[in-house]
Amino acid sequence: LCWRSDRRQLRRELIRLCDTTATAGSRGGGDGSHLQASQRLGAVRESQKHTKLDVLINNAGVYSVSNPMTQDSLDIRFVVNAIAPYLLTQQLLPLLGASGRVINVSSAAQSPVDPDALAGRTQLSEDFTAYGQSKLALTMWSRVLALKADSPVIVAVNPGSMLGSKMVKQAFGVAGGDIRIGAEILTRAALSDEFATASGQYFDNDSGQFTSPHADALNPQKSAVIVHEIEAVLAAISQSR
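Just so you know, my numbering puts -15 at position 2 of the sequence shown, and the rest follows in order with no gaps.
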């Protein structure tokens, strides 16, 4: 959450967040707390004196867990990487307005999304598949929301492949690249004029340019299905509590 454009402060915080991206590697068995946290953060618009939010960066990410299913029978990768950011963004839209920015941290690892897996009707067996599907789901809803009237600027960004975050180190057993690479591009996305008119686009920091995401993200029908499933999941959880 960024209430003002302090570039140095934002960069420091992004470096910290990139290095502490959630892995839940030894915990497993998520309990939906990420969705609850998103709801609580969304209450900022009710409880804080601020009437405007400049930037929201959805950076949370989970790759490997010992037990990937939550108590709501959802894959924690979908919950943390796609569903919770959608909920938080929706909660904060009144503060962001048309002048705000939402930066969604995507990935080069994008796989066709199984709507049944997203909704918890079936379970994925491979970590990489679940992660890739969740990141494409994030990229797909980014474009859907960006096309709505009075939407803030919403951009999906691959900050760089195999950067040295805790997630990469734990998941792949490698040191990874300099995480400052990711922090720098997210700072640019949040504050620079370069991204001011890039709503609905995908930026790939591996190639250093705006480019096409997975073809499914460019398909309005497939993207609408994914958004429908996310909203159905959130509605079901809300009704059960």
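All C-beta atoms in this analysis are idealised placements derived from N, C-alpha and C, irrespective of residue type, glycine included.
DSSP beta-bridge partners of residue i
{"i": "V140", "result": "V88 and F186"}
{"i": "T53", "result": "According to DSSP, which records beta bridges pairwise, T53 is partnered with nothing at all."}
{"i": "Q106", "result": "Bridge partners of Q106: none, in fact."}
{"i": "Q192", "result": "D187"}
{"i": "N41", "result": "N87"}
{"i": "D243", "result": "The displayed coordinates of the chain run from -16 to 224. Any statement about residue 243 would go beyond what the structure contains."}
Beta-carbon gap between residue i and residue j smaller than 7 Å
{"i": "V138", "j": "A179", "result": "no"}
{"i": "V48", "j": "I59", "result": "yes"}
{"i": "D176", "j": "A91", "result": "no"}
{"i": "I225", "j": "S148", "result": "Residue 225 lies beyond the stretch modelled for the chain, which goes from -16 to 224, so this question has no answer here."}
{"i": "I220", "j": "Y69", "result": "no"}
{"i": "P142", "j": "I168", "result": "yes"}
Cβ neighbours of residue i in the same chain (closer than 8 Å, five flanking residues each side left out)
{"i": "G183", "result": "S125, R126, A129, L130, I137 and V138"}
{"i": "D97", "result": "T105, L107 and Q116"}
{"i": "T122", "result": "N87, S89, Q93, A139, Y185, P196, H197 and A200"}
{"i": "A207", "result": "V127"}
Cβ neighbours of residue i in the same chain (closer than 7 Å, five flanking residues each side left out)
{"i": "A120", "result": "F61, A65, V96, L101 and I209"}
{"i": "S144", "result": "A91 and D189"}
Same chain only: Cβ atoms within 6 Å of residue i, ignoring 5 sequence neighbours per side
{"i": "A113", "result": "D58, R60 and L107"}
message: Using 8 Å as the cut-off, can you tell me whether the segment 69 to 83 makes contact with the segment 104 to 115, which would need three or more C-beta pairs spanning the two stretches below that distance?
response: Because the criterion of three Cβ pairs below 8 Å is not met, the segment 69 to 83 and the segment 104 to 115 do not touch.
Unbroken stretches of the alpha helix (DSSP H), 4 residues or longer, contained in the segment 60 to 87: Runs of the alpha helix (DSSP H) lying entirely within the segment 60 to 87 and spanning at least 4 residues, in chain order: 67 to 79.
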